[in-house]
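Residue 87 in the UniProt record's numbering sits at position 87 of the sequence shown, and the numbers go up by one each step.
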Amino acid sequence: MNADTALLVIDVQVGMFPETDPVYAGEVLLERIRGLIAKARACAVPIIYVQHNEDVGEPLESNSPAWNIHPMIAPHVEDTIIQKYTPDSFHETNLQHELAGKGIKKLVLTGIQTDLCVNATCRRACTLGYEVIVAKDAHSTWSQGNLSAVEIINQYNDLFGTFAKTEESANIEFCTRS
Numbered sequence: 001m002n003a004d005t006a007l008l009v010i011d012v013q014v015g016m017f018p019e020t021d022p023v024y025a026g027e028v029l030l031e032r033i034r035g036l037i038a039k040a041r042a043c044a045v046p047i048i049y050v051q052h053n054e055d056v057g058e059p060l061e062s063n064s065p066a067w068n069i070h071p072m073i074a075p076h077v078e079d080t081i082i083q084k085y086t087p088d089s090f091h092e093t094n095l096q097h098e099l100a101g102k103g104i105k106k107l108v109l110t111g112i113q114t115d116l117c118v119n120a121t122c123r124r125a126c127t128l129g130y131e132v133i134v135a136k137d138a139h140s141t142w143s144q145g146n147l148s149a150v151e152i153i154n155q156y157n158d159l160f161g162t163f164a165k166t167e168e169s170a171n172i173e174f175c176t177r178s
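Here's what the structure looks like:
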């Protein structure tokens, strides 16, 4: 990858890690995202955080402690933070403007929730013409109905692979090798 790439970290907020019913494999997820962030920083690749906003009384109520980006992967002053209100990180946000301003054509996606915000953002990014790589071991969700979180993650990784690239986070490199 080269200078036209950005790392997108979607909705990795404190409220996704409650003591009761945290996102599946949350600690592993944080470690993998932290590793991707370190690799991106080492190559001067822009890191863009997306922060979901909800109404008063909701789990990700804007400006509440749960709304904050998880401290283990906290943004630096040079990082961009996008505020969103729907699963699609592009919908009624300035994400497209920020990416265009940085000359970004390729996105590496990570975050929460596999089947909602990661899925919606991945699809929209592909529709907009971005080359997308989903870090297939660096997004997560919760078990739902008869499906375990692992089954949902695997199902969506297969789906993502039909319109984007999927790659293990350990194999994602941001610096161009010569």
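Note that CB positions come from ideal geometry on N, CA and C, so glycine has one too.
#1: Could you spell out where the alpha helix (DSSP H) holding lysine 102 opens and where it closes?
#2: Answer yes if the stretch 53-61 comes into contact with the stretch 93-101, meaning at least three C-beta pairs across the two stretches below 8 Å, and no otherwise.
#3: Within 10 Å of its beta-carbon, does serine 140 have 16 or more other beta-carbons around it, so buried, or fewer, so exposed?
#4: Taking the alpha-carbon positions, what's the arginine 34 to glycine 57 distance?
#5: Over the uninterrupted beta strand (DSSP E) stretch that includes tyrosine 49, give me the two end residues.
#6: Can you list, in chain order, the stretches of the beta strand (DSSP E) that have 3 or more residues and sit fully within the stretch 108-170?
#7: Which residue marks the beginning of the alpha helix (DSSP H) containing isoleucine 33, and which one marks its end?
#8: Grab me the residues of aspartate 88's own chain with a C-beta within less than 7 Å of its C-beta, minus the 5 sequence neighbours each way, in chain order.
#9: Use the C-beta contact count for glutamine 113: other C-beta atoms within 10 angstroms, 16 or more gives buried, fewer gives exposed.
#10: Roughly how many angstroms lie between the CA atoms of valine 12 and asparagine 146, to the nearest whole one?
#11: Short of 6 Å in beta carbon distance, which residues of its chain neighbour phenylalanine 90, apart from the five on each side in sequence? Order them along the chain.
#12: DSSP three-state call for valine 9: helix, strand or coil?
#13: If the criterion is Cβ atoms closer than 9 Å, does the pair alanine 135 and arginine 41 meet it?
#14: What would DSSP say about isoleucine 81, mapped onto helix, strand or coil?
#15: Which residue from Ser143, Thr127, Gln144, Ile153 puts its Cα closest to that of alanine 164?
#16: Check isoleucine 69 in the structure and name its three-state DSSP category.
#17: Please name the residue, chosen from Leu29, Trp142, Gln155, Val28, that lies closest to alanine 20 on a Cα-to-Cα basis.
#18: So which of Glu168, Val14, Lys39 has the shortest CA-CA distance to alanine 6?
Looking at the coordinates:
#1: Neither: lysine 102 is in no alpha helix (DSSP H) and is coded neither H nor E.
#2: no
#3: buried
#4: 29 Å
#5: 47-52
#6: 131-140, 165-167
#7: 26-42
#8: Ala120, Thr121, Arg124
#9: buried
#10: 25 Å
#11: Gln96, Arg124
#12: strand
#13: no
#14: strand
#15: Thr127
#16: strand
#17: Per the sequence shown, residue 20 should be read as threonine rather than alanine. Out of Leu29, Trp142, Gln155, Val28, Trp142 has the C-alpha closest to the C-alpha of threonine 20.
#18: Lys39
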